[in-house]
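Report on one structure; see the data block that follows.
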Amino acid sequence: MTKPKQFCTFYLGYQCFGLDVLHVQEIVRSQVLTHVPLAPPMVRGLINLRGQIVTAIDLRRRLCMPDPAEDIEPVNVVVQTDDGAVSLLVDEIGDVLEVDDQAFEPPPATLLGPASDVILGAYKLADQLLVVLDPERVVMVGDY
Amino acid sequence: MSNDEILREFLLETHENLTLLDSDLVALEKNPTEKNTLAQVFRTLHSVKGTAGFMGLEKLQAVAHAAESLLNRLRAGELVFNPPIATALLQVVDAIREIMAAIEADGQEGQADYTALLAELDRLREVREVEPNSLPAINAQLVETVAVSIVSEPIAPSSVGQSPPSIATPPVEIPMPLSSPVEAIDARAPSVADANIRVDVTLLDKLMTLVGELVLARNQILQYSTAHEHAGFLGAVQRLNLLTTELQANVMKTRMQPIGNVLNKFPRVVRDLALACQKSVAFEMKGQETELDKTLIEAIRDPLTHMVRNSIDHGIEIPEVRRASGKSAQGLLRMVAFHEGGKVIIEIIDDGAGIDIARVREKAISNKLVTAEVAGRMSNLDIMRMIFQPGFSTAEQVTQFSGRGVGMDVVRTNIEKIGGTVEIESTPGQGTTIRTKIPLTLAIIPALIIVCGNERYAIPQVSLLELLRLDAEQAAVSIEYFHGAPVYRLRGALLPLVFLAEQLQLAAERDSLSDFNIIVLQADERPFGLVVDAVGDTEEIVVKPLQKQLKSTGVFAGAAIMGDGRVALVLDVLGLAQRSGVISTVKKISIGEAKSNVQPIEDTTEPLLLFSLRSGGQMAIPLAEVARLEEISTATIENLGSRQVVKYRNEILPLVDLSRQLDDGVHSPAMDSDTVSVVVYSDRDQSVGLIVGQILDIVHEPIVSRTHTNRRGVLFTAIVQDTITEFVDVAGLIRAVIGPGPAPAEEVRS
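So the sequences go chain by chain: U and B.
Okay, so the first sequence: first residue is 67 according to my numbering, each after it adds one.
Okay, so the second sequence: first residue is 11 according to my numbering, each after it adds one.
In structure tokens:
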């Protein structure tokens, strides 16, 4: 039997997303962003995370979702990558959920577009779908 | 490296290895089949033996050799590691320590006699199999023999130096009589190993980062403290300030190494090269003790080698030639390192033939680096700089050492990568000096903080030449447009201007009334002016690399955390220059052109509106600045004081009669027709109607042969469509005629 996985969940609009808890370093409330001119639009800027300079990626823009209608203070989900920590800006943070592997399904063939390569699949929760993101790919921006 | 230094290094290294040996041997005793550990022990003893032989330390060599032979058999599997062997080997370790301590004290190996130990090692080597029950006996015997050998030895005054293991207590202490003199001699001066420890460079880097953060925190506190008046608090802040500065300086020092570490290999390099080139070269070095950051030492190694190679191969002549030109047959190559103005300067000076300007020029042309025409205009200094161009070589032949033309450009690139510069000076027939300037350290750099579009940016001070500030009025007059490319005359030379907001595609609109802050920067030896919104202070920053998501921008060298805890981007001056076209990525095109006062201009031609004044003549303004062309009835023109206005699209449009303004003093025909042609000129929020004589044409073609003119209100004249055309300084005229402020028309000059 596989160990049940834990996911750090967060919301963009009403959609629930999750990242494997082992990849998430911490959650930080909204930080002062330093805008980076000429950067891809999904890079919102740089934040100072206790002396470490961390790139903040707008997850909505990364997933080609429209910017939120009203002004919200985004939350930083700080993800660990090979290249240091990277922050994903999300609307709202959810609970850490423990899910059963049985409930997992890969993305449907109809899921197309740029977002499809960062979505690993979804867990069927009782009341909604928990869309699981690929922590390595989700921080990839542009053409490197 | 002198013998003393080698010995010192050897002692230091061996002390460490001995500690390792102690723990390795103990580990082996517990787990006799551990092959890796065994191999490591073997290697260590082998290197001790090698160095000892090299240094002529016979006793040490003998002991190490015996141990090595024993280990060899163990390694081959002919013997199994057992406690007696472990004991014997540990005693070898102790013996080595003893000898080392003696060497450290007086350079001699000491009086101790190790024959017993050697015999024991030999005996163990020959033992086929050791009976388990014989172990205690051997052990006891061993301790005894060693003990005897030491006790029986007369203690001469000089042999006080047979001191204890001088590094931290080894993990295993072997019960031996030796331990008793330990305390007795403890009062001696600390040994090399006590005074030095090896530290992982990454730990130093970490420390450096932390100190960097501390400096920032200190800066923050200093900022806040200005708002307080509590004497005690201010005193504490002052102390914190001083301590942090001192701490920073000292931590920086931990990474400093004498440049001699690199320079010391050059005598050999010079000798070998001179031999190979059949030249006779004397080599002098000065300033080996000059210190700089370890990472930089690594970085300058190759460039320096290359420059030395060049000096010998190309610079210094063969003896016959030297004699013929009245010089001594032996050439002189000097390397001088010293500190100056917070930088390390390394000069490589040869007394060779110098750089033959004519030949460089010729080569540059034949290698198609420049056209003959451009080369003809270039100054000698610029020609000299050609040797830093890719693909340049004047060597008649490609030799084993140089002449392939892939040298000096790489040297320069590598030096510039670490924030340094390379300059060259040469007197034909007398020699060449190559001067390399490099910063002391890369970790903390002074940077100028500037503001653009409400964000702060840091510019490393190394590339900074000077700061200029023009108020709006001055700027209107002195910022000229070179076919649309803004330039400023800085002491007679045209300085291309780059607007940072434009380069960074910041939406912020420049207020035409605000002052111009021009930061004169140097990229690739080419100065340019960066126009920014505001200039702040100089701060010491710790540059951190950007993550890969942001690498593609190409104009940022990194980011730094400022005193207020926010992040600021560090501008990459070279990248910015490339992006804005100040320096072209294909260097061939731009070489020498800037220096010969031909400014790099964009290749694109911009559309022009051609018109005439009532007195005739062809004038032009860039079409980009034109909002609309209108015919306006003269009847609708109203006079407001001295100004003419017209109601235009429910707004009051000020009018400027170009004929009247430009034909100053010359009789200008009055507006006699019923309608006049008006060019509605838009500059940001402000619209102005320019009354012209006649709209002629809109053309899209290059401007040829532009020349400056004294006519006021005219930027320059040039030939457009085979007609001499005057380019109107509309912005200047508008400012002069209708404000801002009471600027009288007389202020308009070209």
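In this text, a Cβ means the ideal position worked out from N, Cα and C, and glycines have one as well.
Where G575 of chain B meets chain U, residues with beta-carbon distance less than 7 angstroms: As a first step, residue 575 of chain B must be located in the second sequence, where it is residue number 565. Correct list: N114.
Assuming the contact rule is C-beta atoms closer than 8 angstroms, L127 of chain B and V73 of chain B should be a hit. Round their C-beta distance to whole Å, please. Stepping through the second sequence from its first residue, residue 127 of chain B is reached at position 117. Stepping through the second sequence from its first residue, residue 73 of chain B is reached at position 63. Indeed, because the Cβ distance is near 7 angstroms, the residues count as touching under 8 angstroms.
Option nearest I106 of chain B by Cα separation, candidates B:R85, B:L31 and B:N82: Translated into positions along the second sequence, residue 106 of chain B becomes position 96. Nearest option by C-alpha distance: B:L31.
Secondary structure of V153 of chain B, DSSP reduced to three states: In the second sequence, residue 153 of chain B corresponds to position 143, counting from 1. Below a pLDDT of 50, predicted positions are generally treated as unreliable, and V153 of chain B, at 41, falls in that range; no measurement from the model is reported.
Answer yes or no: do V565 of chain B and G585 of chain B have a C-beta to C-beta separation smaller than 7 angstroms? Locating residue 565 of chain B in the second sequence gives position 555, counting from the first residue. Locating residue 585 of chain B in the second sequence gives position 575, counting from the first residue. Closer than 7 angstroms, so yes.
Step through the CB atoms of chain B and report whether any lies within less than 7 angstroms of the CB of I119 of chain U. By one-based count along the first sequence, residue 119 of chain U stands at place 53. Yes, I119 of chain U counts as interfacial toward chain B.
Does the Cβ-Cβ distance between T43 of chain B and D34 of chain B come in under 7 angstroms? On the second sequence, position 33 is the one that residue 43 of chain B refers to. On the second sequence, position 24 is the one that residue 34 of chain B refers to. Cβ distance not < 7 angstroms, so T43 of chain B and D34 of chain B don't count as in contact.
Per the DSSP calculation, V724 of chain B is bridged to which residue(s)? By 1-based counting over the second sequence, the position of residue 724 of chain B is 714. V724 of chain B is bridged by DSSP to B:V738.
Under 7 angstroms Cβ to Cβ from R135 of chain B, same chain only, skipping five residues before and after it: list those, please. Start at 1 with the first residue of the second sequence, and residue 135 of chain B comes out as number 125. Around R135 of chain B: S79, L80 and R83.
V279 of chain B: first and last residue of the uninterrupted alpha helix (DSSP H) it sits in: In the second sequence, counting from the first residue as 1, residue 279 of chain B sits at position 269. F276 to A286 is the extent of the alpha helix (DSSP H) around V279 of chain B.
Answer yes or no: does any C-beta atom of chain B fall closer than 7 angstroms to that of H89 of chain U? Start at 1 with the first residue of the first sequence, and residue 89 of chain U comes out as number 23. No Cβ of chain B is located within less than 7 angstroms of the beta carbon of H89 of chain U.
Checking contacts by CB at 7 angstroms: is A192 of chain U closer than that to chain B? Working through the first sequence from its first residue, we reach residue 192 of chain U at position 126. No - not a single Cβ of chain B is within 7 angstroms of the one on A192 of chain U.
Between G325 of chain B and D360 of chain B, is the Cβ-Cβ spacing less than 7 angstroms? Taking the first residue of the second sequence as position 1, residue 325 of chain B is located at position 315. Taking the first residue of the second sequence as position 1, residue 360 of chain B is located at position 350. Yes, the Cβ-Cβ distance between G325 of chain B and D360 of chain B is below 7 angstroms.
Touch test, the segment 483-492 of chain B against the segment 439-452 of chain B, Cβ-Cβ under 8 angstroms, three pairs minimum: no
Any heavy atom of the ligand ATP closer than 6 angstroms to the CB of S488 of chain B? This structure does not include the ligand ATP; it has no bound ligands of any sort.
Is the Cβ of A105 of chain U closer than 7 angstroms to any Cβ of chain B? Position 39 of the first sequence, counted from the first residue, corresponds to residue 105 of chain U. Yes, its Cβ sits closer than 7 angstroms to a Cβ of chain B.
Do you know offhand how far V211 of chain B's Cα is from R95 of chain U's? Translated into the one-based positions of the second sequence, residue 211 of chain B becomes position 201. Translated into the one-based positions of the first sequence, residue 95 of chain U becomes position 29. Roughly 35 angstroms separates the two Cα atoms.
Does E119 of chain B come out as helix, strand or coil in the three-state DSSP assignment? Position 109 of the second sequence, counting from 1, holds the residue named residue 119 of chain B. If DSSP states are grouped into helix, strand and coil, E119 of chain B belongs with coil.
Taking C-alpha atoms, which residue in B:A570, B:I662 and B:L665 lies nearest to I119 of chain U? In the first sequence, the residue the question calls residue 119 of chain U occupies position 53. Of the listed residues, the one whose Cα sits closest to I119 of chain U is B:A570.
Per DSSP, what are the beta-bridge partners of C82 of chain U in this structure? What you label residue 82 of chain U is simply residue 16 of the first sequence in a count that begins at 1. Answer by DSSP bridge pairing, in chain order: U:Y77 and U:L196.
If you reduce the DSSP assignment to three classes, tell me which class S389 of chain B lands in. The residue you call residue 389 of chain B lines up with position 379 of the second sequence. Note: S389 of chain B maps to coil in three-state DSSP.
Please name the residues in the segment 133-161 of chain U whose beta-carbon is closer than 7 angstroms to at least one beta-carbon of chain B, in chain order. D149, G150 and V152
I believe F20 of chain B touches T61 of chain B by the beta-carbon criterion, under 8 angstroms. Please report the beta-carbon distance rounded to the nearest angstrom. For the purposes of this step, residue 20 of chain B is taken as the residue at position 10 of the second sequence. For the purposes of this step, residue 61 of chain B is taken as the residue at position 51 of the second sequence. Right, the Cβ-Cβ distance comes to about 5 angstroms (below 8 angstroms), so this counts as a contact.
Taking 7 angstroms as the limit between beta carbons, can you name the residues of its chain near L213 of chain B, skipping five residues before and five after? What you label residue 213 of chain B is simply residue 203 of the second sequence in a count that begins at 1. Nothing meets the Cβ criterion.
Using the C-alpha atoms, what's the distance from L154 of chain U back to V702 of chain B? Position 692 of the second sequence, counted from the start, is the residue given in the question as residue 702 of chain B. Position 88 of the first sequence, counted from the start, is the residue given in the question as residue 154 of chain U. Going from the Cα of V702 of chain B to the Cα of L154 of chain U covers about 58 angstroms.
Neighbour flag for A569 of chain B against chain U, beta carbons, 7 angstroms: The residue labelled residue 569 of chain B in the question sits at position 559 within the second sequence. Contacts with chain U at 7 angstroms (Cβ-Cβ) include A569 of chain B.
Reduced DSSP category for R344 of chain B - H, G, I as helix; E, B as strand; rest coil: Along the second sequence, read from residue 1 onward, the residue named residue 344 of chain B stands at position 334. The answer is strand: DSSP assigns R344 of chain B an E or B state.
Range covered by the alpha helix (DSSP H) that runs through T671 of chain B: Sequence index remark: in the second sequence, residue 671 of chain B carries index 661 (1-based). Note that residue 671 of chain B is Gln in the sequence shown here, rather than Thr. Its alpha helix (DSSP H) spans residues L668 to L672.
Assuming the contact rule is C-beta atoms closer than 8 angstroms, Q81 of chain U and V197 of chain U should be a hit. Round their C-beta distance to whole Å, please. The count along the first sequence starts at 1 and reaches residue 81 of chain U at position 15. The count along the first sequence starts at 1 and reaches residue 197 of chain U at position 131. Yes, they are in contact, since the Cβ atoms of Q81 of chain U and V197 of chain U sit about 7 angstroms apart, within 8 angstroms.
Using the three-state DSSP reduction, which class does E661 of chain B fall into: helix, strand or coil? Along the second sequence, read from residue 1 onward, the residue named residue 661 of chain B stands at position 651. DSSP, reduced to helix, strand and coil, places E661 of chain B within a strand of the structure shown.
Please report the residue range of the beta strand (DSSP E) in which G160 of chain U lies. Here residue 160 of chain U corresponds to residue number 94 of the first sequence, with the count starting at 1. E158 to V165 is the span of the beta strand (DSSP E), which, as asked, contains G160 of chain U.
Entirely within the segment 122-163 of chain U and at least 3 residues each: give me those beta strand (DSSP E) ranges in chain order. 141-147 and 150-156
Inter-residue Cα distance where the pair is R638 of chain B and S683 of chain B: For the purposes of this step, residue 638 of chain B is identified with residue 628 of the second sequence, where counting begins at 1. For the purposes of this step, residue 683 of chain B is identified with residue 673 of the second sequence, where counting begins at 1. Approximately 21 angstroms, taken between the alpha carbons.
Output the distance between the C-alpha atoms of G723 of chain B and F492 of chain B, rounded to the nearest integer angstrom. For the purposes of this step, residue 723 of chain B is identified with residue 713 of the second sequence, where counting begins at 1. For the purposes of this step, residue 492 of chain B is identified with residue 482 of the second sequence, where counting begins at 1. Distance between the alpha carbons of G723 of chain B and F492 of chain B: 15 angstroms.
Tell me the start and end of each unbroken beta strand (DSSP E) in the segment 215-283 of chain B that is at least 3 residues and wholly inside, in chain order. 266-268
Provide the residue(s) that pair with I528 of chain B in DSSP beta bridges, ordered along the chain. Here residue 528 of chain B corresponds to residue number 518 of the second sequence, with the count starting at 1. DSSP output for I528 of chain B lists B:L478 and B:V541 as bridge partner(s).
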